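Enquirer:
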Amino acid sequence: MLQINTEMTKRAAELRSEIIRKHPLVHCITNRVTITDCANALLAVGASPVMSEDLREVEEMASLGQALVLNIGTLFPDQVEAMILAGKQAKKKGIPVIFDPVGAGATKLRNDVSDRILREVSPDIIRGNMSEIRALYGFEGSTKGVDADVADLITMENAEKAAVIVRELAERTHAVVAATGAVDIISDGRKTVFVANGHEMLCMITGSGCMLTVLTAGFAGAAPDDLLSAVTAAFVLMGISGETAYAETKKEGKGVGTFHTFLIDRLMLTDSAEIAEKAKIYTAWKLRIITQDCEA
Amino acid sequence: MLQINTEMTKRAAELRSEIIRKHPLVHCITNRVTITDCANALLAVGASPVMSEDLREVEEMASLGQALVLNIGTLFPDQVEAMILAGKQAKKKGIPVIFDPVGAGATKLRNDVSDRILREVSPDIIRGNMSEIRALYGFEGSTKGVDADVADLITMENAEKAAVIVRELAERTHAVVAATGAVDIISDGRKTVFVANGHEMLCMITGSGCMLTVLTAGFAGAAPDDLLSAVTAAFVLMGISGETAYAETKKEGKGVGTFHTFLIDRLMLTDSAEIAEKAKIYTAWKLRIITQDCEA
Amino acid sequence: MLQINTEMTKRAAELRSEIIRKHPLVHCITNRVTITDCANALLAVGASPVMSEDLREVEEMASLGQALVLNIGTLFPDQVEAMILAGKQAKKKGIPVIFDPVGAGATKLRNDVSDRILREVSPDIIRGNMSEIRALYGFEGSTKGVDADVADLITMENAEKAAVIVRELAERTHAVVAATGAVDIISDGRKTVFVANGHEMLCMITGSGCMLTVLTAGFAGAAPDDLLSAVTAAFVLMGISGETAYAETKKEGKGVGTFHTFLIDRLMLTDSAEIAEKAKIYTAWKLRIITQDCEA
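Protein chains in written order, with our numbering: chain A, 1 to 296; chain B, 1001 to 1296; chain C, 2001 to 2296.
(1) Check the DSSP bridge columns for residue 1180 of chain B and list the partner residues they point to.
(2) Please list the segments of the beta strand (DSSP E) lying wholly inside the region 58–118 of chain A, counting only runs of 3 or more residues, in order along the chain.
(3) Counting pairs of Cβ atoms below 8 Å between the region 1209–1222 of chain B and the region 1021–1030 of chain B, do you hit three or more?
(4) Tell me which residue opens and which closes the beta strand (DSSP E) that residue 992 of chain B is part of.
(5) Under 8 Å, with one C-beta from each stretch per pair, do the region 1120–1140 of chain B and the region 2072–2089 of chain C reach the 3-pair mark?
(6) Could you tell me whether the Cβ of residue 1258 of chain B comes closer than 8 Å to any Cβ of chain C?
(7) Per DSSP, what kind of secondary structure is residue 2187 of chain C in: helix, strand or coil?
(8) In three-state terms, what does DSSP make of residue 1253 of chain B?
(9) What span of residues does the beta strand (DSSP E) with residue 2319 of chain C cover, start to end?
(10) Closer than 9 Å by beta-carbon distance: list the chain A residues that pair up with residue 2108 of chain C, in chain order.
(11) Whose CA, out of B/1049, B/1097 and B/1164, lies closest to the CA of residue 74 of chain A?
(12) Can you give the beta carbon distance from residue 1230 of chain B to residue 1022 of chain B, rounded, assuming they're within the 8 Å contact cut?
(13) DSSP three-state call for residue 1122 of chain B: helix, strand or coil?
(14) Going along the chain, which residues of its own chain have a beta-carbon closer than 6 Å to the beta-carbon of residue 1177 of chain B, five neighbours each way excluded?
(15) Is there a C-beta anywhere in chain C that falls below 8 Å from the one on residue 1139 of chain B?
(16) Output yes or no for whether 8 Å exceeds the beta carbon distance between residue 134 of chain A and residue 105 of chain A.
(17) Identify every residue that forms a DSSP beta bridge with residue 51 of chain A.
(18) Going along the region 1261–1278 of chain B in order, which residues come within less than 9 Å of chain A, judged by CB to CB distance?
(19) Buried or exposed for residue 1003 of chain B, please, with buried defined as at least 16 other CB atoms from any protein chain shown within 10 angstroms of its CB.
(20) Is residue 211 of chain A close to chain B, meaning its C-beta is less than 8 Å from at least one C-beta of that chain?
(21) Using a C-beta to C-beta distance shorter than 9 Å, which residues of chain C count as neighbours of residue 1074 of chain B?
(22) What residues in the region 181–212 of chain A bring their beta carbon closer than 7 Å to a beta carbon of chain B?
(23) Under the three-state reduction of DSSP, which class applies to residue 288 of chain A: helix, strand or coil?
(24) Given a limit of 7 Å on CB to CB distance, which residues of the region 1225–1255 of chain B reach chain A?
(25) Contact check, residue 98 of chain A vs residue 55 of chain A under 8 Å by CB: the rounded distance?
(26) Taking the straight line between their C-alpha atoms, what separation do you get for residue 2179 of chain C and residue 267 of chain A?
(27) Going by the CB atoms, is the gap between residue 2236 of chain C and residue 2041 of chain C shorter than 8 Å?
(28) I need the DSSP call for residue 1281 of chain B, collapsed to helix, strand or coil.
(29) Would you decide whether residue 1254 of chain B is buried or exposed? Buried here means 16 or more other CB atoms lie within 10 Å of its CB.
(30) Of all the CB atoms in chain B, is at least one closer than 8 Å to the CB of residue 2290 of chain C?
(31) Taking residue 1279 of chain B as the reference, give the member of B/1246, B/1233, B/1265 and B/1261 with the closest Cα.
(32) Leaving out five residues on either side along the sequence, give the residues of the same chain with a beta carbon under 8 Å from the beta carbon of residue 64 of chain A.
(33) Tell me the start and end of each unbroken alpha helix (DSSP H) in the region 207–248 of chain A that is at least 4 residues and wholly inside, in chain order.
(34) Can you say whether residue 1037 of chain B is buried or exposed, counting buried as having 16 or more other CB atoms within 10 angstroms of its CB?
(35) For a contact defined as C-beta to C-beta under 9 Å, what are the partners of residue 1116 of chain B on chain C?
(36) Please report the straight-line C-alpha distance between residue 2108 of chain C and residue 39 of chain A, rounded to a whole angstrom.
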C-alpha cells in the first residue's frame, strides 16, 4: 500500500499555524457569485481579504497585499484590464499571483482572457478543475493526442493520466498547477502531489472551487518561497473541512445549506493537529491500491 | 370543498425527479444581491448554474444552456444590452427565457427595460410579485379600470380578481405568467393554476423571489414542452421547502438566518414523494371554502 | 463605577419597535462583497432594502427611500457618480444619508472619493472603523499631531483619546460620526456616546461593519429627527446580537459560519426588552473603572 507523505503532511500542519500568525492580506479580483464566500473563507482561516477591481486603484491595492487572486468567473471588459494591471504589479513586487480560469474552454472569451493572463501576467499558481486545466493545456496545439484521452473530471481511475497534463502545464507555464477532482493533482513540473481529501457535496455548493483558490492564495501569502507546500496545505484544509462538514450535516439530517455553513465553521476550526491526523497526501498514485482510502 | 388537482400534483412530483436526471444548465443574467443564492438554489435541486453578462460571450453562453434567466434587480447599461442579446439568441435556439421584472413599477428605468424585454425578447415565462405583474399589465393603457382595483399583494381575499390580471397578461404576452403572493397564481392564458404552499417568512429573506425564478428556469429547462407544469412544480417545491424550513426553524427557536440555511437544505431534500403529499395545487379558487388550508 | 445611561437605553429599546412599525425603505449603493448580508440584515430587523446604482434611476430611487447608504467598499467609476447624484437628491429631500468610508486611508482613490462625498453630499452619518475615521479626520492637515497619537483600533485603553477625533470630525462635518472598535464611539460633536456591546467574532466575518452601517440607516429612517439615538440603537442591537450569537455558537461547538447565521437570527429576535436589559451605553468613559464590564 502506498504511504502518505509524512514530510508534506507535517509541512501542511505547520502552514495551518503559519497563516494565522502571518495573517496575510489577499487582494482578490474575482467573480460576483462567490465573492462573499471567498472573503469569509479567508477570514475563517486567519487571513484577510480585500476585494478591489477599480482600474484607478488596483495597482496600489495589489502592492499592499501578500497575494493576488485573478478569477475570471464573471468577466466584464474593465475587469480584465484590472487583472492585467494588478497582475503585472504583483509580479514586479514578487507577490504571488494565483489564477483561477473559471469556465476556460466554455467560451471563446474565457479562452482569450486566460491566454492573455498566462502570457502577460505569468501567474505563480493556476487552480482549476480538469476541464479548465485541459483548456489551458490545449492552447498550444501540439498536444491534442494526450488531451483527447483525458476526461473532464478527475476520477480515481484516470488520475495518473491526468497528472501528465497537470505536470506538463506546470512545466510549460513555470507555475504550480493544481487540478481539483475526486483526487486533486498538484504539480510544480518536477514534483507531483495527489490529495485524496474532500467530499463530493463540495460540488453541490457554489464557491467551493473559488474558496479553494483564495485559500491557496492565503497560504501562498504565508509561504511565498514554498508554493507547492502552500497549495497542498490549502487543498488538504479544504478537503478535511469538507469531510467533517459533511459528517456533521449528515448526522443532523440536513442538506447543502447547512453543509455550506458547517464548511466555513470547519475552515476556522480545523487545526494543525487535525491536518496531521487526517491529511491524505501522496506523492505517487496507483489506482487499485489506494481506492479504499477515498470513499466518501 | 375544492379539490387539489391530482394530475398537476403528479406532474410536479415527476418533474422533481426529472430535473435531477436532466441536470439542466441555467444561464442567469441576474442581480448582484441574490446571485449567490440563485446559484446555490439551482445546485440544491440538481440543476447547474452559470452566471455571465459580458457582451462578448452572452450569446455563446446562452446557446450552451437549457434555460435563460433575465432579472432586472440591479441594472446597469451594458447588462440591459446583454439581456437583449442573450434573450434573442435563446429564442432563436428554442431555449426557454424566464423574465423576472424586479421593481417594475418603481422607476421609469425599470418600466422602460421591462417593456423593451417584453417587446424585443418575448420571454416564455414571466415571474414576479403582483405589483410587478400589474406594472407590466399596465403598459397598455386600456386596462386601467381593472388595474386600479387590484392591490399590490395577493391575499386569500383578492386572488380571484388578481387572477384576471395574470391570465390577461399571459394572453397578451403569449408567456406563462406567474405572480407570487399568499396564494400564487400561474396562467398560460387558457389554464390558470393556484398554489397555496409557502410561508410568509420567505418574505423576510432577500432572494426568495429570485431563487423561485431560477428554479422556474431549471424546471423549464427540464420540461421545455410543458412550461405551465414546470412553473407550477418550481412554485410547489419552493413553497413546501419554505413550510418545512419554517417548522424546523421554529422548533429550534431560531430566526431568519437559520431559516435561510434550512430553506436551501429543503430545496435539496424535498423529493417527489413529499411533493405528492404536500402540494396544494388548485385549478379554481373560491375564497371562503379554501382559507382554512392556508394557515401559516 | 460609571453608570449606564438609562435614558439612551430606553430610547434604543423604543426605536427597536419603531423600526418594525415604520418599516423604512433603505436605498443602498454599496459594495459587492456584503450586499446580500446588508439586504438580509435590514429585512431581519424589520426594514426594507433596495439596491440600485444605475445612473438612470438613482435619483428617483433615492427619493422613494427613508434613508440612503453610500458604501465605497468596491468602487468603480459610474458608482461614484451614482453616489453623488443619489446623495444630493436625498439631501434635497431631507432623507438621511449614511456614509461608510470602507478602506479610506488605504488608497488614494478611496481618499479622493471620500473627500468628494464629504464635500459634495455632506452625509448626515459617517460610520467606519477608527482607521477610516482617522483618514477622514486627516484630510485637513492641521491635526497631524493628534492623529499620530491614535492607533488604528479602538481599545479599552485608547477610547478616551479616540473619542477626541470622533467628536472633532463630527463638529467639522456636522454629521453624527460613529467609530467601531472594542468600544464604539458615537458623537454628534456635542454629545459623545460609548457602546461596549459586541464580540470580537464580529471581526471574523465579512460584512459586520457594512451591516451595521445599513442598520444605522434603517434606524435613521425610523427616527430622522434623532440621529444620535438612531445610531446608538443600531450599534447596541448589532452588539447584543453578536454577543448572543457567539454564546449560541460556542455552546454548539461551531465556528464563524454558524455565528454568521445566528447573528442574522439574533438581529431579528433581539427585541426591545433584551435591549433594555443588555445595552451598555455610556456617556463617559473611564478606563480602569469600566474594563471589567467588557469581557467577551
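Beta carbons: idealized from backbone N, C-alpha and C, even for Gly. Note that this is a predicted model, so its numbers are computed, not measured.
Expert: On the basis of the coordinates in this document:
(1) B/1129
(2) 67–71 and 97–100
(3) yes
(4) Here chain B covers residues 1001 to 1296 and nothing more, so residue 992 of chain B does not appear.
(5) no
(6) yes
(7) strand
(8) coil
(9) The structure shown does not extend to residue 2319 of chain C, since chain C spans only 2001 to 2296, so no value can be given for it.
(10) 56, 57 and 60
(11) B/1049
(12) Residue 1230 of chain B to residue 1022 of chain B, Cβ: 11 Å. No contact.
(13) coil
(14) 1126, 1166, 1169, 1170 and 1187
(15) no
(16) yes
(17) A/28
(18) 1261, 1262, 1263, 1264, 1265, 1266, 1267, 1268 and 1269
(19) exposed
(20) no
(21) 2035, 2051, 2052, 2053 and 2054
(22) 204, 205 and 206
(23) With a pLDDT of 49 at residue 288 of chain A, under the threshold of 50, the modelled position of this residue cannot be trusted, and the question is left open.
(24) none
(25) With a Cβ gap of about 21 Å, residue 98 of chain A and residue 55 of chain A do not count as contacting.
(26) 30 Å
(27) no
(28) strand
(29) buried
(30) Residue placement at residue 2290 of chain C is poorly supported in this model, since its pLDDT is 43, which falls under 50; the coordinates still yield a value, given next. No, no contact with chain B.
(31) B/1233
(32) 25, 27 and 50
(33) 208–222
(34) buried
(35) Within 9 Å Cβ-Cβ: nothing; residue 1116 of chain B doesn't reach chain C, min ~13 Å.
(36) 23 Å
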